[in-house]
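Report on the structure given below.
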Amino acid sequence: MLSAEQIRAARAMLRWEQTALAEAAGVSAETVKRLEAQDGPLLAGRAATIDAIEKALIKAGIEFTNGDAPGVRMPAKR
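Residue numbers for the sequence shown follow this note's numbering, beginning at 962 and rising by one.
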């Protein structure tokens, strides 16, 4: 499950403002702001919205790591 911390970290790695993520995901900047303000797993919010954000970040090159130590990473550029 995606967490607010993972979204903030992924966005920072990409050097994206909240508006850039919102545009890439097709959601409002206010939605990104509201989701990022939460702590922990994103339980509040529409599943389709969270999925769109996750897909936009993956398309931009982010990999989400889950399991015992959830996090984010960007693979080395080839």
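All C-beta atoms in this analysis are idealised placements derived from N, C-alpha and C, irrespective of residue type, glycine included.
Cβ-Cβ distance between residue i and residue j below 8 Å
i, j, result
"Ser964", "Gly1022", "no"
"Ile1014", "Ala986", "yes"
"Gln967", "Gly1032", "yes"
Buried versus exposed call for residue i [16 or more other C-beta atoms within 10 Å across all chains shown]
i, result
"Thr1026", "exposed"
"Thr980", "exposed"
"Leu1004", "exposed"
"Arg972", "buried"
"Ala1037", "exposed"
Residues near residue i in its chain [Cβ-Cβ closer than 7 Å; skip 5 each side]
i, result
"Arg969", "Glu997"
"Thr1010", "Val988 and Thr992"
Own chain residues within Cβ distance below 6 Å of residue i, not counting five before or after
i, result
"Met962", "Pro1002"
CB contact check: residue i to chain D, cutoff 8 Å
i, result
"Gly1006", "Although the question refers to chain D, the structure presented lacks it and comprises just one protein chain."
Residue i: first and last residue of the uninterrupted alpha helix (DSSP H) it sits in
i, result
"Glu966", "Ala965 to Leu975"
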